[in-house]
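Novice: Handing you this structure, nothing more for now.
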Amino acid sequence: MEIRLQEESAIKKIINLQEVDSTNNEAKRGAGLGAADGTLYIAETQTGGKGRRGRQWSSPPGSGIFMSLLLKPGISPDNASMLTIVAAMAVVSSIEHVLHENNCTAECHIKWPNDIVINRKKVCGILTEMSTGLQDINYVVIGIGINVNTKGFDEELKLTASSLYLETGICFDRNDIITAFSKEFTKYYKQFLCTQDLSGLMAEYNGRLANVGKQVKVIDVKQSFTGTALGIDSRGELIVLQEDGSRTLVSAGEVSVRGLYGYV
Ligand code: BTN
Numbered sequence: 057m058e059i060r061l062q063e064e065s066a067i068k069k070i071i072n073l074q075e076v077d078s079t080n081n082e083a084k085r086g087a088g089l090g091a092a093d094g095t096l097y098i099a100e101t102q103t104g105g106k107g108r109r110g111r112q113w114s115s116p117p118g119s120g121i122f123m124s125l126l127l128k129p130g131i132s133p134d135n136a137s138m139l140t141i142v143a144a145m146a147v148v149s150s151i152e153h154v155l156h157e158n159n160c161t162a163e164c165h166i167k168w169p170n171d172i173v174i175n176r177k178k179v180c181g182i183l184t185e186m187s188t189g190l191q192d193i194n195y196v197v198i199g200i201g202i203n204v205n206t207k208g209f210d211e212e213l214k215l216t217a218s219s220l221y222l223e224t225g226i227c228f229d230r231n232d233i234i235t236a237f238s239k240e241f242t243k244y245y246k247q248f249l250c251t252q253d254l255s256g257l258m259a260e261y262n263g264r265l266a267n268v269g270k271q272v273k274v275i276d277v278k279q280s281f282t283g284t285a286l287g288i289d290s291r292g293e294l295i296v297l298q299e300d301g302s303r304t305l306v307s308a309g310e311v312s313v314r315g316l317y318g319y320v
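Residues in the sequence shown are numbered consecutively from 57, following our numbering.
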């Protein structure tokens, strides 16, 4: 099956690549050459796939989804980082959609801010990069890596990472997931653009958040603390209740949040 785009889709054009260093890099190069808002770059394999915090993202051919969406939203640069949460919502609901279509009952959750987990193991990561001026956004690139049919991970990685195949025993058609993603992303993105915050998505996001009500360790460059995660606010910050009853708002990018007793 090929990827089908709806008429009103936020994804306007798809560029398929056999091999590229990183779809995020390709999207940024495209932006420099005037590529349009809504261009989605999809690669079969990446030779230099990038994860968050300077990590690598393993991208062997044939097994995963490696894609980057170029957006040029007319919103304030202050609001752009929330797009990564919009993308996480779209990925989690598109994965759940294909799981249901395959009569699979596995549940898909989000580890704040934007890792997608099944059975508390990461099956998708999102790396958002952007170029902004003082008032305007030049572009935002949302890079999404989904471990779809990956058959195994190395000893260290397999403690925290998995794939849709490993968690369900089913081989999925990657195009089905991308088709569902284009539909789901369009829905959530339109909702986000109306208010330019997450007020319309917050309740659904918190319903899918694996951390809610759980003890988390917030690891900052300056200090670390533990508390109970309560959910996100309308700007996507994680509300953490500390033992003394105080609430701290944690912004993505500044910190890393781990479960107190494991990855989630
Ligand atoms: C993470 O560390 O959790 C983020 C991983 C993001 C990986 C994707 S794969 C497609 C896009 N291109 C990249 O080089 N990285 C992102």
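For each residue, glycine too, the CB sits at the ideal point set by N, CA and C.
The structure displayed is predicted, hence computed values, not measured ones.
(1) Using 9 Å as the threshold, is the C-beta distance between Thr-284 and Lys-270 below it?
(2) Since Cys-180 is in the beta strand (DSSP E), which residue starts that stretch and which ends it?
(3) Drop a sphere of 10 angstroms on the beta-carbon of Ser-238, count the other beta-carbons inside from all chains shown, and report buried for 16 or more, exposed for fewer.
(4) Going by DSSP, what residues sit across from Asn-72 in a beta bridge?
(5) Distance check for Thr-101 and Pro-116, CA to CA, integer angstroms please.
(6) Apply the 10 Å Cβ neighbour rule to Ala-92 and answer buried if 16 or more other Cβ atoms are within range, or exposed otherwise.
(7) For Arg-111, count neighbouring C-beta atoms within 10 Å of its own C-beta (all shown protein chains included) and say buried if the count is 16 or more, exposed if not.
(8) Here's the rule: buried if 16 or more other CB atoms are within 10 angstroms of the residue's CB, otherwise exposed. What is Ala-99?
(9) In angstroms with no decimal places, state the Cα-to-Cα distance between Asp-159 and Phe-122.
(10) With a threshold of 8 Å (Cβ to nearest heavy atom), would Gln-191 be considered close to ligand 1?
(11) Tell me the DSSP secondary structure of Arg-230 in three-state form.
(12) Less than 6 Å between C-beta atoms, sequence neighbours within five positions excluded: which residues of the same chain meet that for Leu-297?
(13) Under 8 Å by Cβ, that's how I've got Ala-146 and Phe-248 pegged, so tell me the actual separation to the nearest angstrom.
(14) Quick one: is the Cβ of Met-123 within less than 8 Å of any heavy atom of ligand 1?
(15) Need the endpoints of the beta strand (DSSP E) that Ala-285 sits in, please.
(16) Starting from Arg-314 and walking both ways along the beta strand (DSSP E), at which residues does that stretch end?
(17) Do Ala-83 and Lys-128 have their C-beta atoms closer together than 9 Å?
(18) If the criterion is Cβ atoms closer than 9 Å, does the pair Asp-232 and Glu-157 meet it?
(19) Ligand 1 and Ile-275: does the residue's C-beta get closer than 8 Å to at least one heavy atom of that ligand?
(20) For Tyr-319, which residues of its own chain have a beta-carbon under 6 Å away from its beta-carbon, when the five flanking residues on both sides are left out?
(21) Which of the three DSSP states, helix, strand or coil, is assigned to Thr-161?
(22) With a CB to CB cut of under 8 Å and the five nearest residues on each side skipped, what residues in its chain are close to Pro-133?
(23) Enumerate in chain order the residues of its own chain whose CB-to-CB distance from Glu-64 is below 8 Å, with the five nearest sequence positions on each side excluded.
(24) Can you give me the Cβ contacts of Gly-120 inside the same chain, cut-off strictly under 7 Å, excluding the 5 residues immediately before and after it?
(25) Among the candidates Asp-300, Gly-199, Leu-305, whose CA atom is the shortest distance from the CA of Asn-81?
(26) Measuring CB to CB, does Ile-59 end up less than 9 Å from Ile-71?
(27) List the DSSP bridge partners of Val-173.
(28) Following a CB-centred definition, is Asn-80 positioned closer than 8 Å to any heavy atom of ligand 1?
Specialist: On the basis of the data shown:
(1) yes
(2) Residue range 177-188 is occupied by the beta strand (DSSP E) that includes Cys-180.
(3) buried
(4) Ile-98
(5) 6 Å
(6) exposed
(7) Classification for Arg-111: exposed.
(8) buried
(9) Looking at the sequence itself, residue 159 is Asn, so the reference to Asp does not match. Whole-angstrom Cα-Cα distance: 25 Å.
(10) No, the beta carbon of Gln-191 sits no closer than 8 Å to any heavy atom of ligand 1.
(11) helix
(12) Gly-283, Thr-284, Leu-286, Arg-303
(13) Contact between Ala-146 and Phe-248 fails: their C-beta atoms lie close to 10 Å from each other, not under 8 Å.
(14) For ligand 1, at least one heavy atom lies less than 8 Å from the Cβ of Met-123.
(15) From DSSP, the beta strand (DSSP E) with Ala-285 extends over 280-288.
(16) 312-315
(17) Going by C-beta atoms, Ala-83 is not nearer than 9 Å to Lys-128.
(18) In terms of Cβ geometry, Asp-232 and Glu-157 form a close pair [threshold 9 Å].
(19) no
(20) Thr-216
(21) Looking at Thr-161 - three-state DSSP - the assignment turns out to be coil, as it is neither helix nor strand.
(22) Excluding residues within five positions, the ones whose Cβ falls inside 8 Å are Met-186, Thr-188, Gly-189, Leu-190, Gln-191, Asp-192, Ile-193.
(23) Thr-242
(24) Result list for Gly-120: Gly-201, Ile-202, Asn-203, Val-204, Thr-206, in chain order.
(25) Gly-199
(26) no
(27) His-165, Lys-178
(28) yes
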